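For reference, the structure is listed below as structure tokens.
There are 2 protein chains.
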Amino acid sequence: MPRPSLKDQRSGQILDAYLTCVARFGLEGATQERIAAEAGVKRPLLRHYLGNREDMIAALATHVIAAFAEVTEALEAHFAATGTPAELIDALFASGDGHDPRLMLAWQALATAAQNDPDLSRKLTQSYAEFLAVIETVLARAHPGAPPDRIRAAAHGITACIQTIDALEPIAPPATWRTDLKAAALTLATCLGGQT
Amino acid sequence: MPRPSLKDQRSGQILDAYLTCVARFGLEGATQERIAAEAGVKRPLLRHYLGNREDMIAALATHVIAAFAEVTEALEAHFAATGTPAELIDALFASGDGHDPRLMLAWQALATAAQNDPDLSRKLTQSYAEFLAVIETVLARAHPGAPPDRIRAAAHGITACIQTIDALEPIAPPATWRTDLKAAALTLATCLGGQT
DNA sequence: CCGTTTATTGTCACAAATGACAAAAAATAC
DNA sequence: GTATTTTTTGTCATTTGTGACAATAAACGG
Numbered sequence: 001m002p003r004p005s006l007k008d009q010r011s012g013q014i015l016d017a018y019l020t021c022v023a024r025f026g027l028e029g030a031t032q033e034r035i036a037a038e039a040g041v042k043r044p045l046l047r048h049y050l051g052n053r054e055d056m057i058a059a060l061a062t063h064v065i066a067a068f069a070e071v072t073e074a075l076e077a078h079f080a081a082t083g084t085p086a087e088l089i090d091a092l093f094a095s096g097d098g099h100d101p102r103l104m105l106a107w108q109a110l111a112t113a114a115q116n117d118p119d120l121s122r123k124l125t126q127s128y129a130e131f132l133a134v135i136e137t138v139l140a141r142a143h144p145g146a147p148p149d150r151i152r153a154a155a156h157g158i159t160a161c162i163q164t165i166d167a168l169e170p171i172a173p174p175a176t177w178r179t180d181l182k183a184a185a186l187t188l189a190t191c192l193g194g195q196t
Numbered sequence: 001m002p003r004p005s006l007k008d009q010r011s012g013q014i015l016d017a018y019l020t021c022v023a024r025f026g027l028e029g030a031t032q033e034r035i036a037a038e039a040g041v042k043r044p045l046l047r048h049y050l051g052n053r054e055d056m057i058a059a060l061a062t063h064v065i066a067a068f069a070e071v072t073e074a075l076e077a078h079f080a081a082t083g084t085p086a087e088l089i090d091a092l093f094a095s096g097d098g099h100d101p102r103l104m105l106a107w108q109a110l111a112t113a114a115q116n117d118p119d120l121s122r123k124l125t126q127s128y129a130e131f132l133a134v135i136e137t138v139l140a141r142a143h144p145g146a147p148p149d150r151i152r153a154a155a156h157g158i159t160a161c162i163q164t165i166d167a168l169e170p171i172a173p174p175a176t177w178r179t180d181l182k183a184a185a186l187t188l189a190t191c192l193g194g195q196t
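If you read the protein sequences in the order shown, they are chains A and B.
Here full-length UniProt numbering is used: position 171 in the first sequence is 171, and no number is missing along the way.
Here full-length UniProt numbering is used: position 48 in the second sequence is 48, and no number is missing along the way.
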């Protein structure tokens, strides 16, 4: 019988290196040389496991969207039925926990490249919408009387704070910025009950 | 005497095309071919007016930071001494007004590339901080009793909403998202008075 | 008209990225 | 040990990006 396949393991390893490079250099800056160096393999292996450049981008998009969905599902599992918005915010802003800034940076890079790719654009929009939906669910449960408009707005604002945290990461922002963005998210989450 | 110099005009024209390409393809994806095509000039002109690749990036960074500062100063001139936070939010989210989504996208692209360029990183951080400061000034004037922490947090949240609007632009988000993000910013601006 | 300065175009060489294929090495079943 | 399949490496041509220089065209003052 054949030699045991390392396809899954190697593919994951290369995809992770790809993710790192995209987060650091952007989508066009993530050359095969850099990816191979980051992954610690020879360049032809990239083609062997993930295909040509187009295939690699598609694989990365699938990976990022899947990882995003995983985060979303984990949040839903933990907070959809129980837990306060404050706990949700705590979990979202817990640094290092299960949260990977590379994911959002790669998401942004893909979004930039999606301007001429309606299908990718649609997938990214959907993944973002699903994330929003979970936040809305938690907020709506904590504030039954709040109007849907306010719930939606708060969910968008909270998500924007999270997104901005990761987007600012490359310029090494002052530590207070992180605190302030978390506080802003918390304000949005708790202010729903304060004023109708 | 010499032929009249078009340096300023041409430089501006090329820089604008550069900005467009960076917003669409990212910093590494903005090749000289694309820039020249976008600007409607031959490629060697880029070198003639802006220098080599490194010079071009520096020129773009200067341009983006200057444009950002211009927006900041305009805001300060209009709202620092008078005007409500609600009017500020209205101005910030007025589409097409004087606001150019390419600017924020290029800012992000530069930020991504600034990971190995401490000087650029510092300049970007500073431009962002100055923008924040103006928002804080307006909020503090409207809510004299609010603690500085809350003011800072609100300013960060509002800025995050603006940043996210532009960052989502490439994927052509639903119209409600824009409305919701503006509503979130408005909530942050007005919620300061509601609860101490 | 002439000279000077600038704009504009053309062209070359060099480096980097990518795509594609061939070949060697390794591991497992039989 | 042999065959088979997979991994891994090596190497080529093609394309693209960049840098640098030369040459032409144009505008203005004298």
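Beta carbons are placed, not taken as given, at the ideal position from N, Cα and C, and that holds for glycine.
Keep in mind it's a predicted model, so treat the numbers as computed, not measured.
Counting only Cβ pairs nearer than 7 Å, list the residues of chain B close to residue i.
i, result
"PRO101 (chain A)", "Within chain B, no residue comes near PRO101 (chain A); the closest Cβ sits about 11 Å away, beyond 7 Å."
Name the chain A residues that come within less than 7 Å of residue i, Cβ to Cβ?
i, result
"ILE171 (chain B)", "ALA111, ALA114, SER121, LEU124 and THR125"
"ASP149 (chain B)", "ALA183"
"PHE25 (chain B)", "GLU28"
"ASP180 (chain B)", "ARG152, ALA153 and HIS156"
When you compare the CB positions of residue i and residue j, do they come within less than 8 Å of one another, or not?
i, j, result
"LEU27 (chain B)", "GLY51 (chain A)", "no"
"ALA184 (chain A)", "HIS99 (chain B)", "no"
"CYS191 (chain A)", "CYS161 (chain B)", "no"
"LEU103 (chain B)", "ALA67 (chain B)", "yes"
"ILE171 (chain B)", "THR164 (chain A)", "no"
"ALA19 (chain A)", "LEU60 (chain A)", "Sequence inspection shows Leu at residue 19 (chain A); the Ala mentioned does not correspond to that position. Yes, Cβ-Cβ distance for LEU19 (chain A) and LEU60 (chain A) is below 8 Å."
"ALA154 (chain B)", "LEU188 (chain B)", "yes"
"ALA114 (chain B)", "LEU120 (chain B)", "yes"
"LEU46 (chain A)", "ALA37 (chain A)", "no"
"ALA39 (chain B)", "ILE65 (chain B)", "no"
"ARG152 (chain A)", "ASP8 (chain B)", "no"
"ILE89 (chain A)", "LEU186 (chain A)", "yes"
"GLU54 (chain B)", "ARG43 (chain B)", "no"
"ALA69 (chain A)", "SER127 (chain A)", "yes"
Using the beta-carbon of each residue, which ones in chain A are nearer than 9 Å to residue i?
i, result
"LEU188 (chain B)", "GLY157, ALA184, THR187, LEU188 and CYS191"
"ALA77 (chain B)", "What ALA77 (chain B) touches in chain A: nothing, since even the nearest Cβ is about 25 Å away."
Just the chain B side, please: which residues come within less than 8 Å of residue i by C-beta, in chain order?
i, result
"LEU105 (chain A)", "THR112"
I want to verify the contact list: residues of chain A whose CB lies under 8 Å from the CB of residue i, in sequence order.
i, result
"ALA80 (chain B)", "Residues of chain A passing the Cβ test: none, with the nearest at roughly 20 Å."
"ALA167 (chain B)", "GLN108, ALA111, GLN163 and ALA167"
Interfacial residues, the segment 152-163 of chain A to chain B, with Cβ spacing under 7 Å: ARG152, ALA153, ALA154, HIS156, GLY157, ALA160, CYS161 and GLN163
Secondary structure, alpha helix (DSSP H): runs of 4+ residues fully inside the segment 101-175 of chain B: 101-113, 118-142 and 148-168
Chain B contacts made by the UniProt domain "HTH tetR-type" (8-68) of chain A, where a contact means CB separation under 9 Å: ALA23, ARG24, PHE25, GLY26, LEU27, GLU28, GLY29, ALA30 and THR31
Secondary structure, alpha helix (DSSP H): runs of 4+ residues fully inside the segment 35-69 of chain B: 43-50
Where the segment 131-147 of chain A meets chain B: residues whose CB sits under 7 Å from a CB there: none
Meets three-Cβ-pair contact criterion under 8 Å: the segment 132-141 of chain A and the segment 126-140 of chain B: no
The segment 8-26 of chain A / the segment 102-116 of chain A touching (three or more Cβ pairs under 8 Å): yes
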